[in-house]
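Convert by adding 373 to the 1-based position in the sequence shown; the result is the number in the working numbering. Okay, so here's the structure we're looking at.
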Amino acid sequence: MLDAVEININLNETIGRVLVGVILFGCTTVLSLLVGKWWGHYQAQKQLDALHFFDIVNVGFNLLNDGSLRIRTIFETNLDQIYRNKIQIETLKKLAKKTTADHPLIDIPADDAWYYLNFLLNALAEKFTEGNAREACGLPVTKTRFSLFLTCEKVGADRLHKIRAMLVRQDLLENFPYNDTLPALEKEYHKDRILTLRSAAKAYRTKPYLFLPFEVVL
Numbered sequence: 374m375l376d377a378v379e380i381n382i383n384l385n386e387t388i389g390r391v392l393v394g395v396i397l398f399g400c401t402t403v404l405s406l407l408v409g410k411w412w413g414h415y416q417a418q419k420q421l422d423a424l425h426f427f428d429i430v431n432v433g434f435n436l437l438n439d440g441s442l443r444i445r446t447i448f449e450t451n452l453d454q455i456y457r458n459k460i461q462i463e464t465l466k467k468l469a470k471k472t473t474a475d476h477p478l479i480d481i482p483a484d485d486a487w488y489y490l491n492f493l494l495n496a497l498a499e500k501f502t503e504g505n506a507r508e509a510c511g512l513p514v515t516k517t518r519f520s521l522f523l524t525c526e527k528v529g530a531d532r533l534h535k536i537r538a539m540l541v542r543q544d545l546l547e548n549f550p551y552n553d554t555l556p557a558l559e560k561e562y563h564k565d566r567i568l569t570l571r572s573a574a575k576a577y578r579t580k581p582y583l584f585l586p587f588e589v590v591l
């Protein structure tokens, strides 16, 4: 009889410990979810308030034709849609945060620059497959050679700060026509982009590894 009572007591204690464990696990899981949700919201709000979006990359043309500057976005996406390696993403974000108003190009180490640019180039090439298909079929096409490079412009607290992959015609980087003057601008604040392009033209001569050629076929 006593043995049965002891077994019953031990069983109740075991069940009690299991229930406590389950309850603690459930509470911890819920708390973790709530904290994670709060932290994500906090980070998003902080990013929005500061206008800093370092986890986004904007890819676009910088066109200097007929004496005017035109800025045209090709696509914009999250970095993790371009780079699959988290360390690579975090490294790029850290480098982007180090740029200044006077030095807007992201200064990627020479040994790593090709890898960062080539991932972007592959994503970019998907937008221009029609021209390559025409060329493969022997149809007439027009080819223009651009250079691809990465920037993060710091041009004021009221402006968006994000990573930008810029495309500029290669001949313009080799002989930039607006070192001392400005082209016609679609918007007044686009004059800051000319400063970036001047920096790019200088870096093209001193740090060519920060640039990757990209041929547009149409």
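We put the beta carbon where it would ideally sit given N, CA and C, even for glycine. Model, not experiment: these values are computed from the prediction.
Name, in chain order, the residues that DSSP records as bridge partners for residue i.
{"i": "residue 535", "result": "426"}
{"i": "residue 517", "result": "589"}
{"i": "residue 478", "result": "524"}
{"i": "residue 541", "result": "520"}
In three-state terms, what does DSSP make of residue i?
{"i": "residue 557", "result": "strand"}
{"i": "residue 568", "result": "helix"}
{"i": "residue 512", "result": "coil"}
{"i": "residue 584", "result": "coil"}
{"i": "residue 414", "result": "Below a pLDDT of 50, predicted positions are generally treated as unreliable, and residue 414, at 43, falls in that range; no measurement from the model is reported."}
{"i": "residue 408", "result": "Its pLDDT being 49, under 50, residue 408 is placed unreliably by the model, and the measurement read from it follows with that caveat. It is helical."}
{"i": "residue 575", "result": "helix"}
{"i": "residue 388", "result": "helix"}
Provide the residue span of the alpha helix (DSSP H) that contains residue i, from first to last.
{"i": "residue 548", "result": "Counting along the chain, residue 548 falls outside any alpha helix (DSSP H), and DSSP gives it neither H nor E."}
{"i": "residue 492", "result": "483-498"}
Can you tell me the Cβ-Cβ gap for residue i and residue j, rounded? I've got them flagged as a contact below 8 Å.
{"i": "residue 492", "j": "residue 455", "result": "5 Å"}
{"i": "residue 429", "j": "residue 449", "result": "6 Å"}
{"i": "residue 551", "j": "residue 567", "result": "6 Å"}
{"i": "residue 465", "j": "residue 472", "result": "Rounded, the Cβ-Cβ distance is 11 Å, inconsistent with contact."}
{"i": "residue 546", "j": "residue 506", "result": "About 28 Å separates the two Cβ atoms, so there is no contact after all."}
{"i": "residue 539", "j": "residue 554", "result": "Not really, about 20 Å apart at Cβ, beyond 8 Å."}
{"i": "residue 453", "j": "residue 462", "result": "6 Å"}
{"i": "residue 577", "j": "residue 486", "result": "Incorrect: roughly 13 Å between the Cβ atoms, too far for contact."}
For the ligand ADP, I want to know if residue i counts as a neighbour, meaning its beta carbon is within less than 7 Å of at least one of the ligand's heavy atoms.
{"i": "residue 551", "result": "The model depicted lacks the ligand ADP and carries no ligand whatsoever."}
Give a yes or no on whether the minimum CB-CB distance between residue i and chain B is below 8 Å.
{"i": "residue 510", "result": "This model lacks chain B altogether; it includes just one protein chain."}
*Scan the region 423-474 and note each continuous alpha helix (DSSP H) run of 4 residues or more that stays entirely inside, going in chain order.*
Here the runs fully enclosed are 459-470.
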